[in-house]
Amino acid sequence: NREIDEQRAARKQQDRLADLAVLEFQKAKAAREAAQEAEIERKRTEKEKEVARLRAQQERARDIQADKDALRAKREQERREREWREKEKFEALKKKQTEEEMRLAREWQIKNKEQHLAVEAARERAEFERVLKAQLTQAEKERNEELQRVSKRHRFADDLRDQIVRHEKQKVEERAAFFDEGVRLDEQARLRRIRLDEIKTQKLNELRRAGVPEKYCADIERKINADTGTTTTTNAPAVH
3 NREIDEQRAA
13 RKQQDRLADL
23 AVLEFQKAKA
33 AREAAQEAEI
43 ERKRTEKEKE
53 VARLRAQQER
63 ARDIQADKDA
73 LRAKREQERR
83 EREWREKEKF
93 EALKKKQTEE
103 EMRLAREWQI
113 KNKEQHLAVE
123 AARERAEFER
133 VLKAQLTQAE
143 KERNEELQRV
153 SKRHRFADDL
163 RDQIVRHEKQ
173 KVEERAAFFD
183 EGVRLDEQAR
193 LRRIRLDEIK
203 TQKLNELRRA
213 GVPEKYCADI
223 ERKINADTGT
233 TTTTNAPAVH
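Structure below.
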């Protein structure tokens, strides 16, 4: 019986050792599986972290590129705005210079016209005096030589009238072609006509003082006024 008990005890011990071996195997297997799962989880986590890192890196790269693009666009806009301001400044300066040149040119033109007008007026007066003096001399000669010849007196009046009319019309046409000062020139022309009327009156009075009959003086005055468009007082008393 002892031997049987020992055998039974030995079998129990073997069974217990076998159970322990199975348990250890299962524990080792479970540990290996857990380690594998942990490794898989670690790799998955690392992969997710790497993906997240790469994604963040790409986002940062995109942000940096976007910032660079925005900065480049801003600088380009600022450059265009500077160019536009410089262009506007240049155009404004150019316009101001052009206006100044035009103003100076107008001032010079007005001054030149005024000087020319003064010279022309003096020339007109001198020419009128010369022509009128020559005609008056001729009239005096005709009066002394051919007092009774009406035709010659008429020719004298006609010549004097025609020369004055042609002279006045020529000067008016020249002034109209050269000046466009309008009202100011018209006023100066009016003053010159008044002066011409005064000179005509003076010269007619000289004819009267020289003894030319009044009817011939009136006839001369009428013909001159008819063609020059002026009005001279015919009843002005003769100056003695």
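For my numbering, add 2 to where a residue sits in the sequence shown, where the first one is 1. For every residue, glycine included, the Cβ atom is placed at its ideal position computed from N, Cα and C.
{"Query": "Environment of residue 137 [buried if 16+ CB atoms lie within 10 Å]", "Result": "buried"}
{"Query": "C-alpha gap between residue 144 and residue 223, whole angstroms", "Result": "17 Å"}
{"Query": "Any chain C beta carbon closer than 8 Å to residue 101", "Result": "No chain C is part of this structure, which consists of one protein chain only."}
{"Query": "Helix, strand or coil at residue 63 [DSSP, three-state]", "Result": "helix"}
{"Query": "As assigned by DSSP and simplified to three states, the class of residue 212", "Result": "coil"}
{"Query": "Minimum C-alpha distance to residue 193 - residue among 96, 83 and 123", "Result": "123"}
{"Query": "Residue burial classification, residue 202 (beta-carbon count within 10 angstroms, cutoff 16)", "Result": "buried"}
{"Query": "Proximity winner among 12, 103, 209 and 226, relative to residue 195 (alpha-carbon distances)", "Result": "226"}
{"Query": "Member of 175, 189 and 130 whose CA lies at the smallest distance from the CA of residue 162", "Result": "130"}
{"Query": "Classification of residue 55 by the beta-carbon crowding that lies within 10 angstroms, buried from 16 upward", "Result": "exposed"}
{"Query": "Short Cβ contact (8 Å threshold) for residue 165 with residue 214", "Result": "no"}
{"Query": "Chain-order list of residues whose beta-carbon lies under 7 Å from that of residue 212 (same chain, five-residue window excluded)", "Result": "142"}
{"Query": "8 Å Cβ shell around residue 64 - same chain, five flanking residues per side excluded", "Result": "none"}
{"Query": "For residue 9 and residue 18, the rounded distance between their alpha carbons", "Result": "14 Å"}
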